[in-house]
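The numbering used here runs 792 ahead of the 1-based position in the sequence shown. C-beta: ideal position from N, C-alpha, C; glycine also. Before any comments, here is the structure.
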Amino acid sequence: MGLFDVKGIGPKLVRAKSGLVVLGWGVSIASLALTGILQGIIIPHSAQYVPQAGVGILRVALYYGGIFGLSILAGWVLADISKAVLGFFVSYGVGVFLTFLALAGPGFAGVIPESVAELSAIVFAFTALFPLAFLAGLVGGLLGAASSET
């Protein structure tokens with residue numbers, strides 16, 4: 793492959809499109825989850841405690857709406873319901889893993905005890921991403937894929 797073989801890149805990107813969309817979907821889910829956690833939108837309040845926490849229902853709705861909109865877009869780009877469902881589960885796994893790594897990072901670096909960081913990261917990640925965010929992402933991915941199929 794020469795330096796100026798630009799025409800050869802297109803077919804390779806077409807084959808890698810689904811994988812890149814799923815990877816971007818997972819990274820975006822992790823980004824939204826970390827934003828929700830670190831801004832105090834989701835953790836420690838969770839959705840059922842919002843009225844008592846004083847967070848504001850709009851911020852929580854924007855968090856879940858972001859996951860829903862992102863999933864609609866990813867499903868629309870994938871344009872196939874089976875790819876969207878499989879891609880959703882893979883991207884959610886990537887999102888949970890990246891969220892866990894980011895939250896457990898201080899424990900891995902030795903700033904705080906590793907067991908405390910790991911336990912907190914697991915609880916925070918699963919509180920932020922399950923069950924409402926899971927349902928919003930799955931329904932959004934299905935709606936996006938269904939709207940793009942012809």
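Straight-line Cα distance separating D797 from G832: Within the sequence shown, numbered from 1, the residue matching residue 832 stands at position 40. Within the sequence shown, numbered from 1, the residue matching residue 797 stands at position 5. Each residue's Cα considered, the two are about 49 angstroms apart.
Report yes or no: do three or more beta-carbon pairs, one from the segment 857-868 and one from the segment 922-935, lie closer than 8 angstroms? Contact between the segment 857-868 and the segment 922-935 is present, because at least three Cβ pairs lie under 8 angstroms.
Measure the Cβ-Cβ separation of G879 and L870 and say whether it is below 8 angstroms. Position 87 of the sequence shown holds residue 879. Position 78 of the sequence shown holds residue 870. Yes, the Cβ-Cβ distance between G879 and L870 is below 8 angstroms.
For E910, does the three-state DSSP call read helix, strand or coil? Translated into positions along the sequence shown, residue 910 becomes position 118. Correct three-state label for E910: helix.
For I835, name the three-state secondary structure that DSSP assigns. For the purposes of this step, residue 835 is taken as residue 43 along the sequence shown, with counting starting at 1. Note: I835 maps to coil in three-state DSSP.
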